[in-house]
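Report on the following structure.
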Amino acid sequence: MTDEDLPIEYHLAPLDTGADGNEDRLQKACDTFERNFILRALERSEWNVSATARYLGIPLSTLKHKMGRLEIRELARRLRGA
Numbered sequence: 009m010t011d012e013d014l015p016i017e018y019h020l021a022p023l024d025t026g027a028d029g030n031e032d033r034l035q036k037a038c039d040t041f042e043r044n045f046i047l048r049a050l051e052r053s054e055w056n057v058s059a060t061a062r063y064l065g066i067p068l069s070t071l072k073h074k075m076g077r078l079e080i081r082e083l084a085r086r087l088r089g090a
């Protein structure tokens with residue numbers, strides 16, 4: 009069994025409102041929401057990044073940047089190939 013065999017819910021991050029030292033709670037919550045939102049959109053688009061960008065109404069370059077920042081680019085690559 010690999011990551012690709014697990015349901016999408018396994019890859020979604022829980023919304024944690026606890027503070028991690030100097031980390032900004034609002035930014036962490038926004039990042040978690042955005043990461044989960046993009047993962048759901050990718051799943052809906054069958055892991056096609058171009059189709060996901062169109063669905064979200066944002067430029068492909070913006071989506072790729074967000075995926076890199078939120079550390080989901082490699083996950084999407086693996087799941088697309090599954």
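Residue numbers (the working numbering): 9 to 90. Every residue gets a Cβ at the ideal spot worked out from N, C-alpha and C, and that includes glycine.
Alpha helix (DSSP H) containing residue i: first to last residue?
{"i": "ASP39", "result": "33-52"}
{"i": "GLU79", "result": "Looking at the DSSP string, GLU79 is not in any alpha helix (DSSP H), and its letter there is neither H nor E."}
Can you say whether residue i is buried or exposed, counting buried as having 16 or more other CB atoms within 10 angstroms of its CB?
{"i": "ARG43", "result": "buried"}
{"i": "ALA37", "result": "exposed"}
{"i": "THR70", "result": "exposed"}
{"i": "LEU87", "result": "buried"}
{"i": "LEU68", "result": "exposed"}
Given a cut-off of 7 angstroms on the beta-carbon distance, is the pair residue i and residue j in contact?
{"i": "ALA49", "j": "LEU64", "result": "yes"}
Kindly indicate which three-state DSSP category residue i falls into: helix, strand or coil?
{"i": "GLY65", "result": "coil"}
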